[in-house]
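Colleague:
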Amino acid sequence: MSSCTNQIYSHPNKKLESHLLNVANNSKKIFKNLCIENNELYAEISFLIGLCHDFAKSTTYFQKYLKDHKKTEKAYHSFLSAIFGYYVTQKYLEDNHIKNDNLPLISYLSIINHHGNLKDVYNTPKSEWNKIKNIPSYVELQVEDLKVADIKELKEFYQKYNISIDNFLKNYEDLTLEIRKKLKKFTRQKNIENYITLILFFSVLIDTDKFDASETKLFSRQKIESNIVDKYKKEKLNQNQSTQINQLRDESYTQIIKTIENIDLDHDKIFSITLPTGSGKTLSAFSFSLKLREKIEKQYNFTPKIVYSLPFLSIIDQNEKVIKDVLTNANYQLTSDIITKHTSTADINYRTTKDEELEINKSELLIEGWNSEITITTFYQLFHTIFSNKNKTLRKIHNIANSIIILDEIQTIPIKYWTLINKTIKKISEKYNTYFIFMSATQPAIYEENEIKPLIKDETKYFNQLDRINYNFQLAPTNINMFKDEIIKILEKQENKDIMLVLNTIGSSQEIYKHIQENIEDTNTNLYYLSTNITPKQRQQTIEKIKKPTNKRKIIITTQLIEAGVDINVDIIYRDFTTIDSIIQTAGRCNRNNTKTKGEVNIIKLENENQKQYNTYIYDSTLLHLTEKLTQQYTQISEKQFNQKTIKQYYNQAKNMKSTDESENIIQSLEKLELTQTKNFNLIEENIQKIDIFIEQDEEATEIWKKYQQIQQNNELKNYDKKREYKKIQNQFKNYIISVDSKKIGTTPEENGIFYVPKEDLERKYDKQTGFIPQEDEDAFII
2 MSSCTNQIYS HPNKKLESHL LNVANNSKKI FKNLCIENNE LYAEISFLIG LCHDFAKSTT
62 YFQKYLKDHK KTEKAYHSFL SAIFGYYVTQ KYLEDNHIKN DNLPLISYLS IINHHGNLKD
122 VYNTPKSEWN KIKNIPSYVE LQVEDLKVAD IKELKEFYQK YNISIDNFLK NYEDLTLEIR
182 KKLKKFTRQK NIENYITLIL FFSVLIDTDK FDASETKLFS RQKIESNIVD KYKKEKLNQN
242 QSTQINQLRD ESYTQIIKTI ENIDLDHDKI FSITLPTGSG KTLSAFSFSL KLREKIEKQY
302 NFTPKIVYSL PFLSIIDQNE KVIKDVLTNA NYQLTSDIIT KHTSTADINY RTTKDEELEI
362 NKSELLIEGW NSEITITTFY QLFHTIFSNK NKTLRKIHNI ANSIIILDEI QTIPIKYWTL
422 INKTIKKISE KYNTYFIFMS ATQPAIYEEN EIKPLIKDET KYFNQLDRIN YNFQLAPTNI
482 NMFKDEIIKI LEKQENKDIM LVLNTIGSSQ EIYKHIQENI EDTNTNLYYL STNITPKQRQ
542 QTIEKIKKPT NKRKIIITTQ LIEAGVDINV DIIYRDFTTI DSIIQTAGRC NRNNTKTKGE
602 VNIIKLENEN QKQYNTYIYD STLLHLTEKL TQQYTQISEK QFNQKTIKQY YNQAKNMKST
662 DESENIIQSL EKLELTQTKN FNLIEENIQK IDIFIEQDEE ATEIWKKYQQ IQQNNELKNY
722 DKKREYKKIQ NQFKNYIISV DSKKIGTTPE ENGIFYVPKE DLERKYDKQT GFIPQEDEDA
782 FII
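Take the sequence shown: its position 322, counted from the start at 1, is 323 in our numbering, and no numbers get skipped.
#1: Does the distance from the CB of K745 to the CB of Q776 come in under 7 angstroms?
#2: Applying the criterion that 16 or more other CB atoms from any shown protein chain within 10 Å of the CB defines a buried residue, is E410 buried or exposed?
#3: Assuming T90 is part of the alpha helix (DSSP H), what are its boundary residues?
#4: Tell me the DSSP bridge mates of M440?
#5: Rounded to the nearest angstrom, what separates M2 and K75 at their Cα positions?
#6: Using CA coordinates, which residue listed in T255, L276, A57 and N753 is at the minimum distance from S441?
#7: Here's a check: name, in chain order, each residue in its chain whose Cβ is nearer than 6 angstroms to the Cβ of E726, leaving out the five neighbours to either side.
#8: With burial defined as no fewer than 16 other Cβ atoms inside 10 Å of the residue's Cβ, what is the status of L335: buried or exposed?
#9: Does the stretch 105 to 117 come within contact of the stretch 200 to 209, defined as at least 3 CB pairs closer than 8 angstroms?
#10: Determine the burial state of Q382: buried for a count of at least 16 other Cβ atoms within 10 Å of its Cβ, exposed for fewer.
#11: Can S111 and F32 be called in contact, C-beta distance under 7 angstroms?
#12: Who are the Cβ neighbours of F303 in its own chain at under 8 angstroms, not counting the five residues just before and after it?
#13: Is the beta carbon of I200 closer than 7 angstroms to that of L42?
#14: Residue range of the beta strand (DSSP E) that F474 falls in?
#15: Spatial neighbours of L456 within its chain, please: C-beta separation below 6 angstroms, excluding the five flanking residues on both sides.
#16: What runs of the alpha helix (DSSP H), each 4 residues or longer, lie entirely inside the stretch 157 to 209?
#17: Is V567 helix, strand or coil when you go by DSSP?
#18: Can you tell which of I361, K306, Q412 and I517 has the C-alpha that lies nearest to the C-alpha of N372?
#19: By the three-class DSSP mapping on this structure, what secondary structure does F782 have?
#20: Output the distance between the C-alpha atoms of S510 and I755, rounded to the nearest integer angstrom.
#21: Is the distance from the Cβ of N609 to the Cβ of F578 below 7 angstroms?
#22: Straight-line CA distance for K391 to E369?
#23: When the Cα atoms are used, what is the spatial distance from T244 to T278?
#24: Using C-beta distances below 7 angstroms, list every residue in its chain close to V741, excluding the 5 sequence neighbours before and after it, in chain order.
#25: DSSP on S280, reduced to helix/strand/coil?
#26: Taking only the alpha-carbon atoms, compute the straight-line gap between Q475 and N657 and give it to the nearest angstrom.
#27: Give me the residue from A214, T628 and H98 with the minimum Cα distance to K15.
#28: G370 by DSSP, collapsed to three states: which one?
#29: Y575 and Q770: beta carbons closer than 7 angstroms?
#30: Does the beta-carbon of Y159 have 16 or more other beta-carbons within 10 angstroms, so that it is buried, or is it exposed?
#31: Use the C-beta contact count for L178: other C-beta atoms within 10 angstroms, 16 or more gives buried, fewer gives exposed.
#32: Taking the straight line between their C-alpha atoms, what separation do you get for Q143 and E38?
#33: T425 to F388, Cα distance in whole Å?
#34: Assign R352 to one of three DSSP states: helix, strand, or coil.
#35: So the candidates are K185, E236, F287 and I547; which of them puts its Cα closest to the Cα of N131?
#36: On a CA-only basis, which of E374, Q561, V567 and D269 is nearest D318? Give me that one, please.
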C-alpha cells in the first residue's frame with residue numbers, strides 16, 4: 002500500500018516533516034541555551050532525536066490510523082523510530098569522529114519511551130533489553146511497508162541531514178543485534194551520570210513534542226531586578242529597627258548578601274543558610290537568589306530560573322505571599338511568566354495578563370513544566386521529579402538544569418535519604434550547572450562541612466543572640482486523662498498567656514480540645530483547633546484567625562503540622578515528646594519575635610489508657626531513643642544552651658545510627674538504569690492506607706460539588722475531557738478534601754469515584770471544630 006507523499010501527517014492537520022523539524026529545532030535550542038558541559042554536542046544529538054522520534058508515523062499503517070482512528074499494533078511508531086534514532090545518532094558520531102557509545106543508546110531509550118514512562122534497561126522481564134531481544138512482529142511489517150511505500154519526499158527531507166532511510170532499512174537487523182548487545186554494556190557501567198544524562202535528553206524530547214503537538218507557545222523570558230528585596234525591606238519592613246529580632250534579621254541578611262562577592266561559580270554550587278526561626282530566611286534566600294542569578298548572567302550569559310521548594314502545603318501560601326509582596330512592591334505584574342505555584346492543589350491557570358489566562362491544557366503544560374521565572378513548589382514535586390521514571394514529572398528536568406533551587410525547611414527530609422540526596426544533588430549541580438540553597442534552623446548533616454558553602458559563617462552567634470525561651474523537660478510518662486485535668490488548671494492559672502498544645506496524633510488532639518472546650522468558661526479566651534482532620538480551607542481560615550491581633554488570649558490545640566514555617570506566635574507551648582529537630586521547630590512558634598517575656602516550651606510524654614506513648618505511633622524509634630538520651634539530663638535549659646549542645650550532636654549521631662541501605666539501593670538502581678525502582682523513593686510515608694473524602698461544609702463546597710457531579714455524569718464527555726474539566730476546578734475542590742484512615746471511614750458514602758460527606762450528614766460525620774468523626778465515634782446511621 003502506498004500513500005501520497007504530501008499527505009504524510011504526524012497528527013491530524015499537522016505534516017510529519019513539519020512536526021519533526023519543529024521538535025528538532027526546539028530541542029536543539031534548549032540545549033544550545035543550557036550552560037552545561039558538552040552542550041554543543043548535546044544540542045546536535047537532541048536535534049537528531051527530535052528529527053527521528055516520530056519517523057515510523059510514515060508507515061501506511063499509522064497514516065490509516067489517523068484517518069479511521071482504529072489503532073492496531075502495526076500503527077505503533079515508537080519502537081521503529083527508536084531504532085532509527087539509534088542509527089542516525091551513531092552515524093552522526095562516526096561521521097564526525099566522535100567516540101561515544103552512550104549517546105546512540107540515550108537516543109534509542111528517549112524515543113522508544115516518549116509516549117510513556119522510562120523502563121528498566123536490563124535484567125527485568127519488561128526491560129528494554131528483553132524488548133529488543135524479542136522484537137514484536139509488527140516492527141518487521143513496518144520495515145517491509147517502508148521499503149515499498151511512496152515516501153520519496155520524506156527520504157529527500159532526511160537526505161538534507163545526510164540521513165539515508167534506504168541505508169537504515171537495509172541494515173535494520175544488524176542494528177537491532179547491536180542495540181541489544183550495547184544496552185547490556187550500558188547498564189554495567191554503573192554510573193549515575195548515565196541516569197542524569199538520559200533523563201535530561203528524555204525531558205527535552207517529551208517537552209518539545211508536547212508543546213508542538215498542542216501548539217503551545219513559550220513566553221519570552223522576563224527580567225527581574227536583583228535589588229527588589231532591598232527596596233522592599235527599606236520601604237516596608239524597617240519600622241521597628243530597635244527590636245533585637247529585626248537587628249538580627251538585618252545583620253544576617255547583610256552577611257548573606259555580602260557573600261555573593263566571594264562565590265566561585267565554578268565550584269560553589271551548594272549553599273546553606275542556618276538561622277534561628279523567625280530570622281527572615283525567606284527574604285534573605287530570595288534576595289540572595291536574585292543576586293546570584295545576576296552574577297551568573299554576567300559571568301556565564303544565562304539567566305537561571307528560581308525554584309522555591311518547601312515541604313508542606315500548609316506553609317507554601319505564606320511564603321508565596323511574601324515573594325508576591327516583594328514583586329508587587331517593585332511594580333511587577335504577577336503574571337504566570339513571572340511567578341507560578343505548582344502543587345497538587347494549585348490552580349492550573351496560566352495568566353498572561355491580569356485578566357487573561359490560557360486554556361486549561363496549555364496552562365497545564367506551562368505550569369507543570371516550570372516555565373516561570375519563579376516557581377513555588379513542594380519537596381514532593383521536586384524530588385519525585387529528580388528520582389523518577391515518569392513521563393509527566395521528568396518533562397521539567399531540563400528546567401531544573403541551570404536553575405537556582407531553594408530548599409526551605411530541609412530538616413524534614415528523612416535521614417534514610419540523606420546519602421541519596423547528597424550524591425544526586427552533587428552530581429546534578431555539577432552536570433546541570435544547578436545551584437542549591439539548603440535552608441533551616443536545624444541544618445541536617447546531609448553534607449560534610451567541606452561539601453557545602455555556608456552563607457552564614459558564624460551561625461552560633463545568631464543563635465546566641467536569641468534566648469527567647471526556656472525548655473522544660475517532664476519526661477516521666479503521663480496518662481492523657483491526668484494531663485487533661487492538669488492542663489485545665491494551667492490554663493486557668495495562666496489566664497493572660499497565649500498557649501499552644503502540640504500533640505502527636507489526631508485522636509489525642511481532638512480529645513484534649515474537647516476537654517478544654519467543655520471545661521474552660523473564660524469569655525476572654527479564643528480556642529482554636531488545627532490538624533489535617535479539618536479541610537485545607539478551614540485550616541487556612543483558622544491560621545489567619547490565630548495570626549489576627551485580638552485582645553483575647555489564644556489557646557491553640559494542634560498536631561505537628563504547625564512545626565515548619567507557620568508564622569504563629571505564642572507565650573507557652575506544651576509539646577508531646579518528639580525528636581529534637583521537631584522540638585526545636587515547634588519552639589520556633591514561641592516568643593517568635595522576641596518581644597514578650599521569655600517563653601516556655603514544656604516537653605511532656607503522653608500515653609493512652611493502654612500505657613502506649615503517642616510518639617511511638619508517629620516517629621522513628623531510633624531517633625526517639627537518641628532524643629531521650631540527649632535530653633534526659635535536663636529539667637530546664639535555655640534556648641541558647643539547648644541549641645549549642647544538642648543540634649549538631651543530634652544530627653551527627655543520628656546520621657551514624659541510621660542505615661543508609663535505602664539510599665544505597667536507590668543509588669544502585671539509578672546506576673544500573675533500573676528506572677522503575679525509583680518507585681522505592683517515597684518522601685511521604687503513610688503507615689496506614691488513607692482515603693480522600695470530600696466535605697460539603699459550606700455553600701462554596703456545595704457549588705463545587707455540583708460542578709464535579711456535572712462533569713462526572715456528563716456522558717457526552719470522554720475521560721480525557723472529564724479530566725480537563727476537573728482540572729479547572731481542582732484547586733477549589735481540594736480545599737474540601739481530607740485524607741482519612743480507610744478503617745475509620747465508617748458509613749461515609751462514595752459518589753462518582755470519591756467518598757463524600759453531604760451537608761445533610763455533616764453533624765454526624767464532621768465536627769465543626771475538630772473535623773472528621775471516625776467510625777467508632779459516629780452516630781448510628783438512620784435511614
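Heads up, the beta-carbon is just placed ideally off N, CA and C, and yes, glycines get one too.
If you're wondering where the values come from, they're calculated on a predicted model, not measured in any experiment.
Modeller: A quick look at the data gives this:
#1: yes
#2: buried
#3: S79 to D96
#4: I274 and D409
#5: Any reading at M2 needs caution, since the residue's pLDDT is 38, under 50, leaving its predicted position unreliable; the model's value is listed next. Going from the Cα of M2 to the Cα of K75 covers about 13 angstroms.
#6: L276
#7: I712
#8: exposed
#9: yes
#10: buried
#11: no
#12: N34, L35, C36, I297 and N403
#13: no
#14: I470 to N480
#15: I257, T260, F272 and I274
#16: 166 to 171 and 173 to 189
#17: coil
#18: K306
#19: With a pLDDT of only 48 at F782, under the threshold of 50, the placement of this residue in the model should not be trusted; the figure read from the coordinates follows. Of the three classes helix, strand and coil, the one that applies to F782 here is coil, per DSSP.
#20: 27 angstroms
#21: no
#22: 13 angstroms
#23: 16 angstroms
#24: K691, I692, I694 and F773
#25: coil
#26: 27 angstroms
#27: A214
#28: coil
#29: no
#30: buried
#31: exposed
#32: 38 angstroms
#33: 9 angstroms
#34: strand
#35: K185
#36: V567
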